[in-house]
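Residue numbers (UniProt numbering): 1 to 172. For every residue, glycine included, the Cβ atom is placed at its ideal position computed from N, Cα and C. What you are looking at is a predicted structure, and each value in this text was computed from that prediction instead of being measured. Notes for the one structure printed next.
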C-alpha cells in the first residue's frame, strides 16, 4: 500500500502538481526544467537485492540502470540547452530594462548544470564500457569489489566507498 502511495506522489510530482494542503487538494507547480534538472533523482525505483553480495550486480541489471540514467541525462541536457537558448534570447529582447547581472547569472547556472550533466553522462559511458569489458563492479583504482548497494545507488561508481571518501578527504 505504501508503494502505491509513493508511486502516486511520484506521478503527481512528474506532472507538476503537488498536494500542498495534505488533504488531497492540488496546486500547480511551475518550475523551469533546466533549473530542476540537477535536482532530479535519476534512478529507477530500487529493487531489493541481497546486500551481502559484493560486485556481483548482474550485467543486465547494470545495463538497465545505466541506460535509464543515460536517457534521463540526455533529456535533461536537451532541457538545459533549451533554457540556455531562451535565456540568451531574453537578453536580446527590448522592453523593460532588466538587471544584466540576472541574465548573466541565469546563463552561468545553465552552463554549470550542463557541464555537470555532461560530466555525469561521460561517467555513465565509462561504466557502460566497463560492463562490456567485464570489469563493472570493480574499482578502477584498486580492482576491489564495489558493493552492490553502492552500484544500485550509483551505477557509474568507479571507486569503493572508502576510496571515494579518501579522495574527498584529501581534496579538502
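- Residue 147 sits in a strand when the DSSP states are folded into three classes.
- The beta carbon of residue 161 lies closer than 7 Å to those of 150 in the same chain, with the five residues before and after it left out.
- Here residue 80 is near residue 117, since their CB atoms are less than 8 Å apart.
- Under the three-state reduction of DSSP, residue 138 is assigned to strand.
- Between residue 137 and residue 146 the beta-carbon gap is near 6 Å, inside 8 Å, which marks them as a contact.
- In the displayed model, residue 60 falls within a helix according to three-state DSSP.
- The stretch 99-108 makes no contact with the stretch 67-80: fewer than 3 CB pairs, one atom from each, lie closer than 8 Å.
- If you ignore the 5 residues before and after residue 73, its C-beta comes within less than 8 Å of the C-beta of 42, 117, 120, 121, 124, all in its own chain and listed in chain order.
- Only exposed fits residue 102, as fewer than 16 other CB atoms lie within 10 angstroms of its CB.
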